[in-house]
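*Asks:* Heads up: the sequence shown begins at 15 in the working numbering, then just goes up one per residue.
Even for Gly, the Cβ is constructed at its ideal location relative to N, Cα and C.
Just so we're clear, the structure is a prediction, and the values are computed from it rather than from any experiment.
Please read through the structure below; I'll follow up with questions.
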Amino acid sequence: MAGFLKHLNECPRSAAGRAKQAEIERLARIAAEEYRTTALAAIGHKVGDTIYFVHEIIVKPEYEQRGSRQVRMRYEPVKRFVGKTDKIERIDWLGQGVFLNYYIRTPLTTYGSYAEAEAAAKKIQAEWDEHVHQSEMCR
15 MAGFLKHLNE
25 CPRSAAGRAK
35 QAEIERLARI
45 AAEEYRTTAL
55 AAIGHKVGDT
65 IYFVHEIIVK
75 PEYEQRGSRQ
85 VRMRYEPVKR
95 FVGKTDKIER
105 IDWLGQGVFL
115 NYYIRTPLTT
125 YGSYAEAEAA
135 AKKIQAEWDE
145 HVHQSEMCR
């Protein structure tokens, strides 16, 4: 009898259990909304701004589709980094993060001019190529 009474107090399908779960979900929604509003406020950009950033392009991924399976073709993906400029037309909360123009995920390192973004892209590309070369030497 004592075990049954304990189960009644802790059962998630009881009225008290459903109320407790509803309260937990309500607090989680409030916390998620607060996180969303602080993340949107902390962007530092607004609609209409022109931003300069480094865009990463995966030329060849690690895995490729072969029939019905994924086959690992290389140890690291082949990447290319380019400087890019874009005008912010939209700031959205999509899923778990803030996106600019639907495809630029923040936090984002922005630069003062296109030339600075290009120089940073060349530096990042050189660092990536060095990393790939070093990894190949270790294997």
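#1: Compute the distance between the beta-carbons of L114 and I65, then report whether it is under 9 Å.
#2: Excluding the five sequence neighbours on either side, which residues of its own chain have a C-beta within less than 8 Å of the C-beta of E11, listed in chain order?
#3: Residue range of the beta strand (DSSP E) that L108 falls in?
#4: With 16 other CB atoms within 10 Å as the buried threshold, where does V112 fall?
#5: For the putative contact between H69 and K98, defined by C-beta atoms under 8 Å, what is the C-beta separation to the nearest angstrom?
#6: Decide if A45 is buried, meaning its Cβ has at least 16 other Cβ atoms within 10 Å, or exposed.
#7: Buried or exposed, going by whether 16 or more other CB atoms sit within 10 Å of the CB of F18?
#8: Using 10 angstroms around the beta-carbon of A33, count the other beta-carbons present and answer buried if the total reaches 16, otherwise exposed.
#9: In whole angstroms, what is the alpha-carbon distance linking G126 and R80?
#10: Three-state secondary structure (DSSP) at Y125?
*Replies:* According to the data block:
#1: Against a cut-off of 9 Å, the Cβ pair of I65 and L114 comes out as a contact.
#2: Summary: the structure shown does not reach residue 11, with the chain confined to residues 15 through 153, and so no result is reported for it.
#3: I105 to L108 is the extent of the beta strand (DSSP E) around L108.
#4: Around the beta carbon of V112, 16 or more other beta carbons lie within 10 angstroms, which makes this residue buried.
#5: Indeed, because the Cβ distance is near 4 Å, the residues count as touching under 8 Å.
#6: That one is exposed.
#7: Classification of F18: exposed, given that the 10 Å Cβ count is below 16.
#8: A33 comes out exposed.
#9: For G126 and R80, the distance between alpha carbons rounds to 43 Å.
#10: Looking at Y125 - three-state DSSP - the assignment turns out to be strand.
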